[in-house]
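These notes concern the structure reproduced below.
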Amino acid sequence: MKAAARANTNIALIKYWGKRDEKLFLPMNSSLSITLDRFYTETSVEFREELKSDVFLLNNKPAGEAEANKVFRFLDNIRKLAGTKMYAVVISENMVPTAAGFASSASGFAALAAAGVKALNLNLNEKELSILARQGSGSACRSIYGGYVEWQKGERGDGMDSYANQLLTEKDLDICILSVLVESNQKKISSREGMKRTVETSPFYSGWLDTVEKDLEKAKEAIRNRDFQSLGETAEANALKMHATMLGAKPPVLYWQSGTMEIIHQVQSLRMSGIKVYFTIDAGPNVKVLCLPKDEQKVSDTLMKLPAVKQIITCHPGSGITYV
Ligand code: DP6
């Protein structure tokens, strides 16, 4: 009763920000992401009759209590689907350096869902797997698929219509996503906490909800037309709008550092010089910079010259779940 799976992380171009149901991880808005080719989690799950409790090893060590409890709660969902009471040993290898500014929860829960389901021989299709992964971390439902992925928020209370689907494969449209790391010693507010606070207290949140679905339509059209400029412009504006909603929260949520601003201005000035280059930022100080493969070197070299930039890791669109 053992299986292993690998899932890549993803970066949202139209952000998921806010939940309508925290227990089921149902989002307030639909979102769109690119699954990446560089950062992944590989997880094996083995259910065994003789175990008296679940075990979770992360990067060769027993995971911390909070992290482990999230995984054990998630295993309960899989056990329920299979009608079993068996406990499991979960071994995860995270190739998502926290310092890279990518949340590992997306690849983590996507890999756990896929491996857990396969270990118990449950026959779930990708949609059902996406619904399951969503209940570990919202953005995980998008990492089931490769390439360009949309997560439809759904309307139902039980979440059965809130899942992701693929818009384009990773081979259909190549772009560069530069993960630009900045100096920071900030104490992190998790995206979970940041979005909750924003929904509950920000007077700007209604403006987000009024416009985010239009942003999504624009981004989807740009992807259909392979229109990189329109996709980049839409993604950048959407990210800025998400951060604007947080600034209105009480107390405010500000993820940016001075280095974040330096990169933003440098991207704008590269754009003034005629290069199609855009940025997006998640719940942290690092910046993801989008450009066409032909401009990668120039963009990367220019950004690397900024004193606040520590490291740049270049990614491309990557694949969905694979079994190992
Ligand atoms: C800013 O999926 O990490 O990266 O559902 O609470 O686990 P939970 O949150 P998570 O939030 C991701 C927020 C974001 C935007 C995005 O990926 O769409």
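Counting in our numbering, the sequence shown runs from -13 upward without gaps.
Cβ atoms here follow ideal geometry from the backbone N, Cα and C, with glycine treated the same way.
These numbers come from a predicted model, not from an experiment.
| Check | Outcome |
| --- | --- |
| Considering only heavy atoms of the ligand DP6, does any lie closer than 6 Å to the CB of residue 74? | no |
| Can you name, in chain order, every residue of its own chain whose Cβ lies under 7 Å from the Cβ of residue 285, other than the five neighbours on each side? | 164, 256, 261, 263, 275 and 277 |
| Find out if the Cβ-Cβ distance for the pair residue 202, residue 19 is shorter than 7 Å. | no |
| Flag residue 91 as yes when its Cβ comes closer than 6 Å to any non-hydrogen atom of the ligand DP6, and as no otherwise. | yes |
| With a Cβ-Cβ cutoff of 7 Å, do residue 236 and residue 187 count as a contact? | yes |
| With burial defined as no fewer than 16 other Cβ atoms inside 10 Å of the residue's Cβ, what is the status of residue 35: buried or exposed? | exposed |
| What does a CB cutoff of less than 7 Å around residue 297 pick up in its chain, not counting 5 residues either side in sequence? | 167 |
| Assuming residue 30 is part of the beta strand (DSSP E), what are its boundary residues? | 17 to 34 |
| State whether the region 29 to 46 contacts the region 107 to 123, with contact taken as three or more CB pairs (one from each stretch) at a distance under 8 Å. | no |
| For residue 177, which three-state DSSP category applies? | helix |
| Using the DSSP secondary-structure output, state which residues sit across from residue 137 in a beta bridge. | 17 and 150 |
| How big is the Cα-Cα spacing for residue 7 and residue 209? | 29 Å |
| Within 10 angstroms of its Cβ, does residue 259 collect 16 or more other Cβ (buried), or is it exposed? | exposed |
| Would you please verify whether the beta carbon of residue 299 is less than 7 Å from any beta carbon of chain B? | The structure shown has no chain B; it contains just one protein chain. |
| By the DSSP assignment, the alpha helix (DSSP H) with residue 126 in it spans what residues? | Per DSSP, residue 126 belongs to no alpha helix (DSSP H) and is neither H nor E. |
| Flag this pair as touching only if the region -5 to 2 and the region 219 to 233 have three or more C-beta atom pairs under 8 Å; answer yes or no. | yes |
| Cβ-heavy atom distance between residue 7 and the ligand DP6 below 6 Å? | no |
| Given the structure, does residue 124 come close to the ligand DP6, in the sense that its CB is under 6 Å from one of the ligand's heavy atoms? | yes |
| Once DSSP output is grouped into helix, strand and coil, what is the label at residue 207? | helix |
| Assign residue 231 to one of three DSSP states: helix, strand, or coil. | helix |
| Would the region 149 to 162 count as touching the region 40 to 52 if we require 3 or more Cβ pairs under 8 Å? | no |
| Examine the ligand DP6 and report whether any of its heavy atoms sits within less than 6 Å of the Cβ of residue 65. | no |
| Can you round the beta-carbon distance between residue 82 and residue -5 to whole angstroms, since I take them to be within the 8 Å contact cut? | 5 Å |
| Can you tell which of 192, 189 and 223 has its C-alpha closest to the C-alpha of residue 204? | 223 |
| Taking residue 51 as part of the alpha helix (DSSP H), name the residues at either end of that continuous run. | 51 to 68 |
| From which residue to which residue does the beta strand (DSSP E) around residue 104 run? | Premise fails: residue 104 lies in the alpha helix (DSSP H), 91 to 105, not in any beta strand (DSSP E). |
| Is it the case that the CB of residue 2 approaches a heavy atom of the ligand DP6 more closely than 6 Å? | yes |
| Where does the unbroken alpha helix (DSSP H) through residue -7 begin, and where does it stop? | Premise fails: residue -7 lies in the beta strand (DSSP E), -12 to 0, not in any alpha helix (DSSP H). |
| Express the C-alpha separation of residue 215 and residue 68 in angstroms, rounding to a whole number. | 46 Å |
| Quick check on DSSP: helix, strand or coil for residue 71? | coil |
| Which class does residue 192 belong to by DSSP, given the choice of helix, strand or coil? | helix |
| Under three-state DSSP, which class holds residue 130? | coil |
| Roughly how many whole angstroms lie between the Cα atoms of residue 291 and residue 211? | 34 Å |
| Can you say whether residue 268 is buried or exposed, counting buried as having 16 or more other CB atoms within 10 angstroms of its CB? | buried |
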